Every structure is written in structure tokens, then in C-alpha cells.
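Residue numbers (our numbering): 5 to 317. We treat Cβ as the ideally placed atom computed from N, Cα and C, and that holds for glycine. Treat the numbers as computed from the prediction; the structure is a model and nothing was measured. Structure first, commentary second.
Following this line, the structure appears as C-alpha cells:
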């Protein structure tokens, strides 16, 4: 069994060592320019076309992340690179659900308990408590209730918050009010104190975080974007922050990454910037998941995580 590995940005050694330990029966190699040898499986993150193009023997390609918008855009631009018959498989959780839940809950609690306001009062040497608030009155909205979004919604509910989820399917979540379909977006966002975006990036969700959505939130609401930078209309967010309609924004993803040093977000008092770290790919859990799926595929068993390419996510 031949496993080909490529990761944009380097750092392959730790992956290769983990793969060799998890799949001792496999020949694992890192792709290098000029490598045209056959491979049974390819594990990739933002590969150049040469990694997959005319690669003989491919049975499946694993994307080293939960988000697949980049690899799907790549395949659209290079339709001859990967046959539709070769499944594209995303990572499922692999330690990301807990990371994402922790990130979102930390931001929500900071907003709910008024820590930013207390920081301002500390600078003013002002001993003035905020009025207490029942957690059940704090309305949280989760946009995108896939594996990560479902984990986030449940964690917010466990904190006692009132939680809604907006998703494509009509599947229900325990303890969460679920809205499904584009026609329910207005109902979902009305009166929210906090909204977090975990949607996949598609033509339908591009620029979805914009003035029409912000205007339906409660005044002073928290906006969290952990989806993709292209979900957010930056000018609309800045206007909503200036008016006070949005009280604070926590942004982990951006249209250009790294975020340019001159970008206004870096120095905005009501924006928290983090460098795309809300949920990172953990090597150990990821390799264990991939190794298990490779072994299942080798004996003809079905695996989860196969990306429907025509759907776009």
C-alpha cells in the first residue's frame, strides 16, 4: 500500500512519522517535485496540481482539514486533476470539535459576563458592577450545524444559554431550536445576542455576514466568525460596530491570511483578532482517523466523510 503526503507550508516530518507508526504496512512518502510514481492514497493540504494529476492507482484522497472549499475550488480550476470516481474525504472532528466549542464558549462568556466593559472600568478605576443576567435570557445563534456546529450548539446550551441553530437540513438537536433553509434565516437571527458563523463557504453563503443580518440582531450583539473570511462583508461590520448595533466581533478567519499589518481590524477596540486557530488539525487524532478509514477502504467497507463535490461542501 502506497501513501503519498503533501502539506503546503512544510512541517511534514511529524505527519510522516505518525503515519508510519499508524500504518506500518504502508509505504509512506512525501511528495517532491518530479514524483510521478503511483499511489493508493493521497493525504493533502492545498496541493499543487502535480501532486494529484495523472496519479496512477489512486483509491481516495484525504483532505487534511474539515473545510473543503479550497480543495474544491482547486478541483474546479483543474478538472483533469482528479477523477470523480476517486472519493475526496474530509477530516471529521479529529479533536477540532472540542477546540471549536472552547473557543466559541470563551468568547460568548466574555461577552455575557461583560469582561470587556469591566476592563474599561478598571482603566477608569471605577468600581461599578453590571446588572446580573439570567443565562437563559442570552440568545445564541449557531450558523451551520454540521459536526463542529452541533458540538458548539450543545456546549452553549450546557452553559444555560438559549440556543438556536440554522442549518440546511431539518434534523433536530436536543435542547436547541432549529431553523432550516434560507427562508428561515430572518426568523433565526431576530433578537440574537450572539451569532457564530460555522457555515461552509459556497455561492449561497458568500457575504452572508452583512448589514441585513446585523440589523436583525439585538443591539450590542456579539458576532463571531470562525467559518471563512469571505463570509463577512468587512465594511458592513465596521459600520455596525460604529453605530453600536454590533458591540464586539471575534474574528478568526479573514479574506487575506495572514491579515495584513495595516488592516483596520488589528487596532479596532471592539474587534478581537486571532490567527485562524479556533480549531486546528491535530496530528495524532487525524492520523488515527485516516488510518482507520484506509484499512476500511482496503477491505471494501464504506467510510464516512466523503465530500459530495457537486454540493460544494
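The C-alpha of residue 64 lies about 26 Å from the C-alpha of residue 149.
Setting aside the 5 residues that flank it on each side, residue 240 is surrounded in the same chain by 214, 215 and 218, each with a C-beta closer than 7 Å to its C-beta; the list follows chain order.
Residue 85 and residue 50 have their C-alpha atoms spaced approximately 13 Å apart.
Assigned with DSSP and collapsed to three states, residue 66 falls in strand. Counting the other CB atoms within 10 Å of its CB gives residue 110 a total below 16, which places it among the exposed residues. The count of Cβ pairs closer than 8 Å, one atom from the segment 77-84 and one from the segment 34-41, stays below three, leaving the stretches out of contact.
Secondary structure at residue 168: strand, using DSSP grouped into helix, strand and coil. In this structure, the straight-line span from the alpha carbon of residue 105 to that of residue 136 is close to 24 Å. Going by C-alpha positions, residue 138 is about 43 Å away from residue 307. Across the structure, residue 181 and residue 172 are spaced so that their CA atoms are roughly 14 Å apart. Only exposed fits residue 25, as fewer than 16 other CB atoms lie within 10 angstroms of its CB.
Residue 69 sits buried, since 16 or more C-beta atoms from the chains shown fall within 10 Å of its C-beta. Annotation: residue 177 to residue 169 spans about 8 Å, alpha carbon to alpha carbon. Residue 248 places its beta carbon less than 9 Å from that of residue 224. When the beta-carbon positions are compared, residue 102 and residue 144 stay at least 9 Å from each other. For residue 187 against residue 209, the beta-carbon gap comes to about 15 Å, at or over 8 Å, which does not count as contact. Taking the Cα positions, residue 276 is about 9 Å away from residue 228. Non-local C-beta neighbours of residue 194 in its own chain, meaning closer than 6 Å and more than five positions away in sequence, comprise 220, ordered along the chain. Closest by C-alpha distance to residue 196, out of 54, 116 and 203, is 116. A direct Cα-Cα distance of roughly 8 Å separates residue 100 from residue 286.
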